[in-house]
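Student:
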Amino acid sequence: MTPILEPEAEGQQIASELVPATNIVGDDAQDTLLLNKMSEAAQRYIASFSWCDAVLGSYFGGGMGGILAVFFIHIRPSREDVDPWIWVITGDLPPAFIPIADCKSPASAYRSYMRGMTKWVELARKGEAATPNQGVPPVKLPATPEWAENINQKLYAMTLTVKYCFEGDGNKESTTLQ
Numbered sequence: 004m005t006p007i008l009e010p011e012a013e014g015q016q017i018a019s020e021l022v023p024a025t026n027i028v029g030d031d032a033q034d035t036l037l038l039n040k041m042s043e044a045a046q047r048y049i050a051s052f053s054w055c056d057a058v059l060g061s062y063f064g065g066g067m068g069g070i071l072a073v074f075f076i077h078i079r080p081s082r083e084d085v086d087p088w089i090w091v092i093t094g095d096l097p098p099a100f101i102p103i104a105d106c107k108s109p110a111s112a113y114r115s116y117m118r119g120m121t122k123w124v125e126l127a128r129k130g131e132a133a134t135p136n137q138g139v140p141p142v143k144l145p146a147t148p149e150w151a152e153n154i155n156q157k158l159y160a161m162t163l164t165v166k167y168c169f170e171g172d173g174n175k176e177s178t179t180l181q
């Protein structure tokens, strides 16, 4: 039986299997530059929340420069109810964070994000706003049919171009877009 770890220890264990953001190397110089910019954007995004007192470290979980990337970020929370490790997805779609309690790998964070954004598209097509309780990340876009189609096209493109970066973690769960 696997012991249950506290969030800090669990985060350190996950981070030990990832690449520190300061050591990101992409497929070429341009990819590396884009991934570094995405890392900086992910850190700024998470630091913008009042419950994040400071960013302590960042780790690259996978992705493609300028398109989509998953980062695992270590923070000093300003509240006791916030875990010190958080997944952040950033790129050519609205950024989002996913708590460590919900995902234990970059691949599961990617799939969770894609499912959440797909649900956002479903609701926005009807003009309905989504909530995190519905499994949807907070999206700072109007929930309109026009935005839904724009995001849906990007989600489809992400599935074709980025999904392979997150395959092979033993979980064959697929992301289906509508």
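Following this note's numbering, the numbering of the sequence shown begins with 4 at its first residue and continues without gaps. The C-beta atom is built at its ideal place from N, Cα and C for all residues, glycine as well. Quantities reported herein were computed from a predicted structural model and do not represent experimental measurements.
1) Considering only C-alpha positions, which residue in the set Ala-146, Arg-79 and Ile-103 is nearest to Trp-54?
2) Quick one: grab the DSSP three-state call for Cys-168.
3) Which same chain residues, not among the five before or five after Thr-35, have their C-beta less than 8 angstroms away from its C-beta?
4) Tell me which residues share the same chain as Met-4 and place their Cβ nearer than 8 angstroms to its Cβ, disregarding the 5 neighbours each side in the sequence.
5) DSSP state of Ala-50, grouped into three classes?
6) When you compare each of Phe-74, Glu-152, Tyr-113 and Glu-131 to Val-58 by their alpha carbons, which one comes out closest?
7) Put Leu-21 into one of helix, strand or coil per three-state DSSP.
8) My output table needs one value for Leu-37: the three-state DSSP class, helix, strand or coil.
9) Could you compute how far the alpha carbon of Thr-147 sits from the alpha carbon of Ala-112?
10) Would you call the CB atoms of Tyr-116 and Ile-89 closer than 9 angstroms?
11) To which residues of the same chain is Lys-175 closer than 7 angstroms at the C-beta, ignoring the five residues directly before and after it?
Tutor: In brief:
1) Residue Arg-79 is the option with its Cα nearest to Trp-54.
2) It is helical.
3) Contacts found: Ile-27, Val-28, Gly-29 and Gly-68.
4) At Met-4, the pLDDT of 48 sits below 50, so the modelled position is not reliable; the number obtained from the coordinates is stated separately. So no residue of the chain qualifies.
5) In the displayed model, Ala-50 falls within a helix according to three-state DSSP.
6) Selected option, being the one with the closest Cα: Phe-74.
7) In the structure shown, Leu-21 sits in coil (DSSP, three-state: anything other than H, G, I, E or B).
8) In the structure shown, the three-state DSSP call for Leu-37 is helix.
9) Cα to Cα, the separation comes out at about 25 angstroms.
10) Against a cut-off of 9 angstroms, the Cβ pair of Ile-89 and Tyr-116 comes out as no contact.
11) Only weak support is given to the placement of Lys-175: the predicted model assigns it a pLDDT of 35, under 50, and the value that follows is read from those uncertain coordinates. Around Lys-175: no qualifying Cβ.
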